[in-house]
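A.B. asks: Each residue of the sequence shown is one higher than the one before, counting from 563 in my numbering. Beta carbons: idealized from backbone N, C-alpha and C, even for Gly.
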Amino acid sequence: TVTPSGISLSGTGVATAATVAPAPSPLTITLATGSSTGSGVVTLTNTAAVAGAQVLVTGVSFTPAATGLQLLAWFFSPVSGGDTCTGATLAPGASCSVTVNFTNVLSARGVNRNGTIVFALTGATTATSTGNLTGFATP
Numbered sequence: 563t564v565t566p567s568g569i570s571l572s573g574t575g576v577a578t579a580a581t582v583a584p585a586p587s588p589l590t591i592t593l594a595t596g597s598s599t600g601s602g603v604v605t606l607t608n609t610a611a612v613a614g615a616q617v618l619v620t621g622v623s624f625t626p627a628a629t630g631l632q633l634l635a636w637f638f639s640p641v642s643g644g645d646t647c648t649g650a651t652l653a654p655g656a657s658c659s660v661t662v663n664f665t666n667v668l669s670a671r672g673v674n675r676n677g678t679i680v681f682a683l684t685g686a687t688t689a690t691s692t693g694n695l696t697g698f699a700t701p
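What follows is the structure in structure tokens.
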């Protein structure tokens with residue numbers, strides 16, 4: 563005769579580390595002739611598996627930034643109110659977005675201007691995730 567008996571199990575599961583990916587990369591913003599500013603959207607997605615870890619986005623920065631003498635040339639910057647990423651906790655499969663401005667003030671037109679958007683992260687496989695940005699001012 564077999565008598566079933568119960569056993570107790572306990573332990574700690576480890577969630578798969580989260581990975582994130584900005585898209586598109588590069589984001590290309592093209593300014594029309596005579597225009598000095600245009601915008602586009604970068605989306606950051608937590609690509610971890612369903613049971614994976616969450617990611618906290620602690621900040622967003624740009625290079626080149628809109629500071630100092632760069633304000634007289636060209637730069638990338640966030641659109642006011644267009645950042646749903648900073649402070650967001652992304653579950654697996656979730657995303658957030660940042661609307662990016664490309665501004666060309668006194669630089670020559672007809673030249674690709676390259677920069678980056680950098681997302682600062684907690685809980686991901688890396689501390690940052692970087693997307694490429696390209697701005698082009700049509701002559």
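1) On the criterion of 16 or more Cβ atoms from any shown chain inside 10 Å, does Ala670 qualify as buried, or is it exposed?
2) Check this for me: beta carbons of Thr696 and Asn676, under 7 Å apart or not?
3) Using DSSP's beta-bridge definition, name the partner residues of Val603.
4) With DSSP as the reference, please indicate the residues paired to Ala670 in a beta bridge.
5) Can Asp645 and Val622 be called in contact, C-beta distance under 7 Å?
6) So the beta strand (DSSP E) Gly621 belongs to, where does it begin and stop?
7) Judging by CA-CA distance, which residue of Pro640, Cys658 and Ala653 is the nearest neighbour of Val612?
8) Between the stretch 625-637 and the stretch 653-662, do at least 3 Cβ pairs fall closer than 8 Å?
9) Using the Cα positions of Thr605 and Leu668, report the straight-line distance between them to the nearest angstrom.
10) Is Gly685 closer than 7 Å to Ser587 when the C-beta atoms are compared?
C.D. replies: Well, looking at it:
1) On the sequence shown, position 108 is the one that residue 670 refers to. By the neighbour-count rule (16 or more Cβ atoms within 10 Å), Ala670 is not buried but exposed.
2) Mapped onto the sequence shown, residue 696 falls at position 134. Mapped onto the sequence shown, residue 676 falls at position 114. Yes, the Cβ-Cβ distance between Thr696 and Asn676 is below 7 Å.
3) Here residue 603 is taken as the residue at index 41 of the sequence shown, counted from 1. Beta-bridge pairing by DSSP links Val603 to Thr661.
4) Stepping through the sequence shown from its first residue, residue 670 is reached at position 108. Beta-bridge analysis with DSSP links Ala670 to no other residue.
5) Locating residue 645 in the sequence shown gives position 83, where the first residue counts as 1. Locating residue 622 in the sequence shown gives position 60, where the first residue counts as 1. Yes, the pair counts as a contact, with Cβ atoms nearer than the cut-off.
6) In the sequence shown, residue 621 corresponds to position 59, counting from 1. DSSP places Gly621 inside the beta strand (DSSP E), whose first and last residues are Val617 to Thr625.
7) The residue labelled residue 612 in the question sits at position 50 within the sequence shown. Ranking the options by Cα distance to Val612, first place goes to Ala653.
8) Contact between the stretch 625-637 and the stretch 653-662 is absent: fewer than 3 CB-CB pairs across the two stretches fall below 8 Å.
9) Walking along the sequence shown from the start, residue 605 turns up at place 43. Walking along the sequence shown from the start, residue 668 turns up at place 106. So the two alpha carbons sit approximately 29 Å from each other.
10) Here residue 587 is taken as the residue at index 25 of the sequence shown, counted from 1. Here residue 685 is taken as the residue at index 123 of the sequence shown, counted from 1. No, Cβ-Cβ distance for Ser587 and Gly685 is not below 7 Å.
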